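Undergrad: Would you mind keeping the following structure in view while I ask a few things?
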Amino acid sequence: MVCLSRPRKLGIHRRKLISGQTSIGTGYDLSNSVFSPDGRNFQVEYAVKAVENGGTAIGIRCKDGVVLAVEKIISSKLLKPGANKRIATVDRHVGIVSSGLVPDGRHFVSRARDEASSWRNIYKSPITVPALSNRLGSYVQAFTLYSSVRPFGVTSIIGGWDSEGELAVDGQVGTGPQSGAGGKVKGAKAGGPGLYMIEPSGLYWGYYGAATGKGRQAAKAELEKLDLGSETLTLVDAVKEAARIIYVAHEDSKDKDFELEMSWISSLDGPTKGKHEEVPKELLEEAEKAAKRSLEDEDEDEGPKGNANGDERMEE
Amino acid sequence: MNHFPESWGRPRDDIYGTYNPAYLQSTGPKAHTQSPAVTGTSVIAVKFNGGVAIAADNLASYGSLARFTDVKRLRKFSDTAVVGFSGDVSDMQYMDRLLESIDIRENYSTHGNMLNAKNLHTYLSKVLYKRRSEFNPLWNHILVVGFDGDKKPFLSSADLLGTTYSAPHLATGFGAHLAVPILRRLFPEDRPTEDITKEDAVKALRECLKVLWYRDARSLDKYSLAIITEEGVEIKEDQRLENQSWAFAETIRGYGAQVV
Numbered sequence: 001m002v003c004l005s006r007p008r009k010l011g012i013h014r015r016k017l018i019s020g021q022t023s024i025g026t027g028y029d030l031s032n033s034v035f036s037p038d039g040r041n042f043q044v045e046y047a048v049k050a051v052e053n054g055g056t057a058i059g060i061r062c063k064d065g066v067v068l069a070v071e072k073i074i075s076s077k078l079l080k081p082g083a084n085k086r087i088a089t090v091d092r093h094v095g096i097v098s099s100g101l102v103p104d105g106r107h108f109v110s111r112a113r114d115e116a117s118s119w120r121n122i123y124k125s126p127i128t129v130p131a132l133s134n135r136l137g138s139y140v141q142a143f144t145l146y147s148s149v150r151p152f153g154v155t156s157i158i159g160g161w162d163s164e165g166e167l168a169v170d171g172q173v174g175t176g177p178q179s180g181a182g183g184k185v186k187g188a189k190a191g192g193p194g195l196y197m198i199e200p201s202g203l204y205w206g207y208y209g210a211a212t213g214k215g216r217q218a219a220k221a222e223l224e225k226l227d228l229g230s231e232t233l234t235l236v237d238a239v240k241e242a243a244r245i246i247y248v249a250h251e252d253s254k255d256k257d258f259e260l261e262m263s264w265i266s267s268l269d270g271p272t273k274g275k276h277e278e279v280p281k282e283l284l285e286e287a288e289k290a291a292k293r294s295l296e297d298e299d300e301d302e303g304p305k306g307n308a309n310g311d312e313r314m315e316e
Numbered sequence: 001m002n003h004f005p006e007s008w009g010r011p012r013d014d015i016y017g018t019y020n021p022a023y024l025q026s027t028g029p030k031a032h033t034q035s036p037a038v039t040g041t042s043v044i045a046v047k048f049n050g051g052v053a054i055a056a057d058n059l060a061s062y063g064s065l066a067r068f069t070d071v072k073r074l075r076k077f078s079d080t081a082v083v084g085f086s087g088d089v090s091d092m093q094y095m096d097r098l099l100e101s102i103d104i105r106e107n108y109s110t111h112g113n114m115l116n117a118k119n120l121h122t123y124l125s126k127v128l129y130k131r132r133s134e135f136n137p138l139w140n141h142i143l144v145v146g147f148d149g150d151k152k153p154f155l156s157s158a159d160l161l162g163t164t165y166s167a168p169h170l171a172t173g174f175g176a177h178l179a180v181p182i183l184r185r186l187f188p189e190d191r192p193t194e195d196i197t198k199e200d201a202v203k204a205l206r207e208c209l210k211v212l213w214y215r216d217a218r219s220l221d222k223y224s225l226a227i228i229t230e231e232g233v234e235i236k237e238d239q240r241l242e243n244q245s246w247a248f249a250e251t252i253r254g255y256g257a258q259v260v
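If you read the protein sequences in the order shown, they are chains A and B. Taken in order, the first sequence gives residues 1 to 316; the numbers are from the UniProt record's numbering. Taken in order, the second sequence gives residues 1 to 260; the numbers are from the UniProt record's numbering.
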């Protein structure tokens, strides 16, 4: 019965699809694992919509580390400030921040931790950032294939540092040969920063700078100005830029309060020694102060109208 | 004729008489894990004013063969504790991986790794007891050093049966017989831990290691020393007992092939 009635229904709605890009009522948006006739998976697109409403999250990759930052919208004044962190650690050297449905993000992190620990059990060394991203990409993609599940309502940014030094094997008892591990190509670069972003479709790319969530357009525009591809930005400067970008991205939803949460991973000789950690309080406050100042300066440049905006903010 | 495998290659009963297969021990379970293979010898530790010092030599023996001579038997856990392992080295590796995974998991919380040495000792002793209850013991005797919940120096032992005990100074293996009497003489019961300086403790450990090197045939003059204080953990892994010599043995008369 359903089959018989469908072609007629589709005939009507196809026109709509082409003109208004809507899928409502076509029947193709009801189940995961079903393509629409023009090759779209609407469930995945709806998941992207969920992400577009989430707090802005960004990641910046520089030569000596990676910075993650997120705009955590305060949903209630009754919540303890600084609690309920949105950036999570995976293994020791990877951080994950996601934008969209918070519980989906939690589950995603839990899976990432399981992957990292099973990698350790098998290979006796920490998982690399590309390998972890690959596995998580496959995991997310699997949730677009079956009618029994829905896709992830998050876009996640994975940042980490693969050790550039000689790695101790888990459970290693001696020092090994003085020459170090064998089979190495001389002068080959090992380890370094990694930054990946995984979307609800399972699509993932490596990035120099990644942004997702509500303010992603503004954030991307700012990230592009940084010329991250040249790898000239230092980690500490990246922290400050990240804070500023989150503040810029917040401009469009100024009516809501937010907390800035930032974490970083540096090289082995840097401030975090290859570990994923929260940005220290002093640096965070300094970066936040600089971000606010830079926004005020911008408003002043805009003239009288800008000034009015600036006053408005000061009252808040 | 008997075609069962246990008779393959055996003398024929009809010619040579009944063969006694008793020594074959074909019954009972395999017991690979019920005896150690590659082992480390004594670990010794002393509490002092404001911390604990622990030492173990760098040898792993394969039976009586001195097989591996740069083995680190003192393992750091986070910045709060050191575990010294004697006994089976592969079981030590297993426990080390266990500690690594615990440290990673603990650091997932916002507060970081909050486990102190006392918590760690409780946990490890229960792991050891569980495994002995499965008749598959982890063949180790461990000393856990660090600080307890009240920030007081902590030193405690756990063995392959899950037995635990604590004292201001402890030793495992041969050290329990050779080092403890020395430590008891140096630090008698009525001398409070607060009286013992870090230097006293380290000197005593060195003295014990010397005696052990002369008396314990499974020991080595290369050793590791860890000192844990409020400031953190300091591990030195390439220590050496200086000026050790067997020259005096030449002068000993009255045993072996020598004629008095």
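Glycine residues also receive a C-beta, built at the ideal position from the N, C-alpha and C atoms. In this text the structure is predicted, and so the values were computed from the model without any measurement.
Does DSSP put B:G175 in a helix, in a strand, or in coil?
TA: When DSSP states are grouped into helix, strand and coil, B:G175 belongs to the helix group.
Undergrad: According to DSSP, is A:H107 helix, strand or coil?
TA: In this structure, A:H107 counts as helix in the three-state DSSP scheme.
Undergrad: What residue from B:A56, B:T163 and B:D216 has the CA that sits closest to B:Q239's CA?
TA: B:A56
Undergrad: Find out if the Cβ-Cβ distance for the pair A:A218, A:V248 is shorter than 7 Å.
TA: yes
Undergrad: Which residues in the same chain as A:T226 place their Cβ atom closer than 7 Å to its Cβ, once the five residues preceding and following it in sequence are excluded?
TA: Per the sequence shown, residue 226 of chain A should be read as Leu rather than Thr. So the qualifying residues of the chain are G209, L233 and E241.
Undergrad: Give the residues of chain B in contact with A:V97, contact being defined as C-beta atoms less than 9 Å apart.
TA: Those within 9 Å of A:V97 in chain B number zero; the least Cβ separation is about 15 Å.
Undergrad: Note down, in chain order, each residue of its chain lying with its Cβ closer than 8 Å to the Cβ of A:S147, except the 5 sequence neighbours on either side.
TA: S31, N32, S33 and V34
Undergrad: As an exercise, report each continuous beta strand (DSSP E) stretch of at least 3 residues that is fully enclosed by the region 145-190 of chain B, in chain order.
TA: Look at the region 145-190 of chain B and you find these whole runs of beta strand (DSSP E), each 3 residues long or longer: 153-158, 164-166 and 169-171.
Undergrad: For A:V109, I'd like the list of residues in its chain whose CB is within less than 6 Å of its CB, leaving aside the five on either flank, ordered along the chain.
TA: A88 and I96
Undergrad: Name the residues in the region 85-110 of chain A whose C-beta lies less than 8 Å from a C-beta of chain C; which are they?
TA: Of the chains in the structure shown, none is chain C; the protein chains are A and B.
Undergrad: Can you pull the chain B residues whose beta carbon is under 9 Å from the beta carbon of A:S117, in chain order?
TA: S101, I104 and R105
Undergrad: Buried or exposed for B:I227, please, with buried defined as at least 16 other CB atoms from any protein chain shown within 10 angstroms of its CB.
TA: buried
Undergrad: Report yes or no: is there a C-beta of chain A within less than 7 Å of the C-beta of B:K72?
TA: yes
Undergrad: Going along chain A, which residues have a C-beta under 8 Å from B:A60?
TA: Around B:A60, the beta-carbon contacts reaching into chain A at under 8 Å are V173.
Undergrad: On the DSSP bridge assignment, give the partners of A:V66 in chain order.
TA: DSSP output for A:V66 lists A:R61 and A:I265 as bridge partner(s).
Undergrad: By Cβ distance, which residues of its chain are closer than 6 Å to B:W8, with the 5 residues on each side in sequence left out?
TA: By the criterion of a C-beta distance shorter than 6 Å, B:W8 is surrounded by no residue of its chain, once the five residues flanking it on both sides are discounted.
Undergrad: For A:K72, is the classification buried or exposed, using 16 other Cβ atoms within 10 angstroms of its Cβ as the cut-off for buried?
TA: buried
Undergrad: Which chain A residues sit within Cβ distance under 8 Å of B:Y129?
TA: Within 8 Å Cβ-Cβ: nothing; B:Y129 doesn't reach chain A, min ~22 Å.
Undergrad: How is B:I196 classed by DSSP in three states: helix, strand or coil?
TA: coil
Undergrad: Counting pairs of Cβ atoms below 8 Å between the region 180-199 of chain B and the region 61-71 of chain B, do you hit three or more?
TA: no
Undergrad: Any idea if B:T251 is buried or exposed, counting beta-carbon neighbours within 10 angstroms, 16 or more meaning buried?
TA: Label assigned to B:T251: exposed.
Undergrad: Where do the ends of the beta strand (DSSP E) carrying A:P130 lie?
TA: A:P130 -> not in any beta strand (DSSP E); alpha helix (DSSP H) instead, spanning V129 to A142.
Undergrad: Between the C-alpha atoms of B:L220 and B:S90, what's the straight-line distance to the nearest angstrom?
TA: 19 Å
Undergrad: For B:L98, is the beta carbon positioned less than 6 Å from some heavy atom of the ligand PLP?
TA: Absence of the ligand PLP from the depicted structure is noted, as is the absence of any ligand whatsoever, leaving it without description.
Undergrad: Residues in the same chain with beta-carbon distance under 7 Å from B:L212, minus the five sequence neighbours each way, listed in chain order, please.
TA: Taken in chain order, the residues that qualify are S42, F174, G175, L178, A179 and S219.
Undergrad: What's the gap between the Cα of B:P192 and the Cα of B:P36?
TA: Roughly 38 Å separates the two Cα atoms.
Undergrad: Can you give the beta carbon distance from A:S267 to A:D64, rounded, assuming they're within the 8 Å contact cut?
TA: That pair is a contact at about 5 Å.
Undergrad: Identify the residues that DSSP records as bridge partners of A:P193: which are they?
TA: A:W161
Undergrad: For a contact defined as C-beta to C-beta under 9 Å, what are the partners of B:F77 on chain A?
TA: Within chain A, no residue comes near B:F77; the closest Cβ sits about 14 Å away, beyond 9 Å.
Undergrad: Using the C-alpha atoms, what's the distance from B:D96 back to B:G28?
TA: Distance between the alpha carbons of B:G28 and B:D96 is about 32 Å.
Undergrad: What is the DSSP secondary structure of A:A168, counted as helix, strand or coil?
TA: coil
Undergrad: If I follow the unbroken beta strand (DSSP E) through A:V279, where does it start and stop?
TA: Here A:V279 belongs to no beta strand (DSSP E), and DSSP marks it neither H nor E.
Undergrad: From residue 321 of chain A to B:K210, what distance separates their C-alpha atoms?
TA: The shown model of chain A, from 1 to 316, leaves out residue 321 of chain A, and the question about it has no answer.
Undergrad: What does DSSP give as the partner residue(s) for B:K222 in the beta ladder?
TA: B:R240
Undergrad: If we count the other Cβ atoms within 10 Å of its Cβ and call it buried at 16 or more, is B:R10 buried or exposed?
TA: exposed
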